[in-house]
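First up is the structure itself, then whatever we jot down about it.
In my numbering, the protein residues as written are 3 to 572.
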């Protein structure tokens, strides 16, 4: 019985997610004739190869910057007292749960000629004229790093928080300086979290679409942007499918070559091998770090710092406490300040966005609620997200329970299959879904959009509920069975009531994912069914309408509602 509960979700994913991806493969090879013409066209185009290189370079740069910034922030959070740690984690989670469009719009406000950054610099007399920050590579990189920084911080924090601080104190007692202790003891143990964060950030960065289009210039377009333009402007489905497959293969290669994968989230038979790899890699990093720390210039620098009582923080994990404190506070402001600025600007009384607002008013909230198009889009989004959340919940509860309790063969593979929508770039899924749904005649319908949104929301429901079911005491279910209760009765009378807060939290996460979706919606919704994110995206591509600040402020209420359930889930 338990084993069969995964089938509905798996069959749904095959029909709605994997079949469309297979159709993209066929179209990219010009089926049924099957030729390599589209791929040859791509490889012979210098422009496309430049975009391909740029996509990888940007993804690598975003990953490196997020790692350099996120690692010390994760360590800083893990070493805080419980009350402060909870508050700071909320500050990190809040941007992660906030709409991608809202965060992108926030940076448009911050980086514009009359935005916050230029206004502050001008008022301080540091510049004579506004800097060009928006629609530049700098703007695109800042926006992308802001989006992925929480994704880098959270897995590293999870590892560091579980480490024993006594190990660093022991290294200090044995004469290890801050740098040597860090490289030889601390860093190798954090590699699993570091690796997970880098894999996720790099893969997500390969598929960026909204942020480079909104914050970058023409020279910052990535593969996802090219795919969208080929479909929306040139209607070149075959070429777009070939580029989609190249982007998908690049994403898969990241996981294969790194030895990672979402299937590793579930403990499997190869866990010992994976741990062995982690230990070997950790030992290698430790040896390299020790060699660097033992270099004569580094030793002299450590002695100079030690003599002056600077950097004696080995027991806390990282050297130079005051520097990390300052950096962590800056990063928290970097994560939260854009959302705060949007809230402030939503009360702007003027026709344009200027900081600080010349006067405060509810004008743009009134404009939003009196705008029939926006209100219809809002109701469509709420109804759609509710339907997606409920469907994802029904399928996800059964699938997660089966994965944890069913003792299924190939659990890691099944888990990876269900979580793939988190990894596959949205633009690739959108191309395949559009092709299949057009054949089925459901493009431009609310039903089609609901089906297209569900795989992504289902993945989040599964990953959340699987973690909850793993922490559930199995003896309670065994006791129910010993008293004669059927498995179905045990499920509804014992299991579901115990995990009810987690189910509610997973439902809210699924709702938020659907409510925020814009890439797939843009392809499937057509012109007769439109959502709020669609309308926001159409607006901010042309100008920074102050009404969007009011809408963004209202949309930010969703993650605030979700956060208590995220904490309850932990």
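Cβ coordinates follow ideal geometry from the N, Cα and C atoms, glycine included. Only a predicted model underlies this, so the values are computations on that prediction, with no experimental measurement involved.
query                                                                                                                                  : result
Option nearest residue 428 by Cα separation, candidates 98, 525, 6, 110                                                                : 525
Residue burial classification, residue 539 (beta-carbon count within 10 angstroms, cutoff 16)                                          : buried
Residue 230 versus residue 220: straight-line alpha-carbon distance, rounded                                                           : 14 Å
Extent of the continuous alpha helix (DSSP H) run through residue 59                                                                   : 48 to 80
C-beta atoms of residue 30 and residue 247 nearer than 8 Å                                                                             : yes
Contacts around residue 202, its chain only, beta-carbon distance under 6 Å, and the 5 residues preceding and following it disregarded : 153
Contact under 8 Å by Cβ, residue 343 with residue 111                                                                                  : yes
Coarse secondary structure for residue 350, derived from DSSP in three states                                                          : strand
Close beta carbons around residue 329, own chain, < 7 Å, minus the five adjacent residues each side                                    : 74
In DSSP terms, what residue 420 is bridged to                                                                                          : Residue 420 is not bridged to any residue.
Best match in 225, 227, 18, 555 for proximity to residue 350 [C-alpha to C-alpha]                                                      : 555
Residue from 414, 359, 454, 109 with nearest C-alpha to residue 430                                                                    : 454
Among 184, 83, 536, 361, the one whose alpha carbon lies nearest that of residue 380                                                   : 536
Rounded Cβ spacing between residue 44 and residue 331 (contact assumed at less than 8 Å)                                               : About 46 Å; that fails the 8 Å criterion.
Under the three-state DSSP convention, the category residue 362 falls into                                                             : strand
Beta-carbon contacts of residue 387 that lie in its chain and below 7 Å, excluding the five residues immediately before and after      : 513, 516, 517
Supposed close pair residue 103, residue 212 - CB separation, criterion 8 Å                                                            : 7 Å
Stretch-stretch touch, CB-based, cutoff 8 Å, three pairs: the region 132 to 140 with the region 73 to 89                               : no
Nearest candidate by alpha-carbon position, reference residue 239, set 126, 223, 440                                                   : 440
Residue environment, residue 497, which counts as buried when at least 16 other CB atoms sit within 10 Å                               : buried
Option nearest residue 469 by Cα separation, candidates 443, 260, 501                                                                  : 501
Buried versus exposed call for residue 166 [16 or more other C-beta atoms within 10 Å across all chains shown]                         : exposed
Three-state class that DSSP yields for residue 22 in the structure shown                                                               : helix
Beta-carbon spacing of residue 57, residue 232 below 8 Å                                                                               : no
Residues of its chain near residue 459, where Cβ-Cβ distance is below 7 Å and the 5 sequence neighbours each way are ignored           : 390, 391, 394, 512, 515, 516
Close-in-space but distant-in-sequence residues of the same chain around residue 341 (CB under 8 Å, 5 per side omitted)                : 96, 97, 100, 104, 105, 108, 558
Burial state of residue 117 (16 or more Cβ within 10 Å)                                                                                : buried
CB of residue 522 within 8 Å of CB of residue 432, strictly                                                                            : yes
Where the alpha helix (DSSP H) through residue 462 begins and ends                                                                     : 448 to 472
From 114, 7, 553, 416, residue whose alpha carbon lies closest to that of residue 136                                                  : 114
Three-way DSSP call (helix, strand, coil) for residue 35 in this model                                                                 : coil
Rounded straight-line distance, which links the Cα of residue 13 to that of residue 476                                                : 27 Å
Residue 220 at chain B interface by Cβ criterion, 8 Å                                                                                  : Among the protein chains of the structure shown there is no chain B, as only one such chain exists.
Sub-8 Å separation of residue 461 and residue 420 beta-carbons                                                                         : yes
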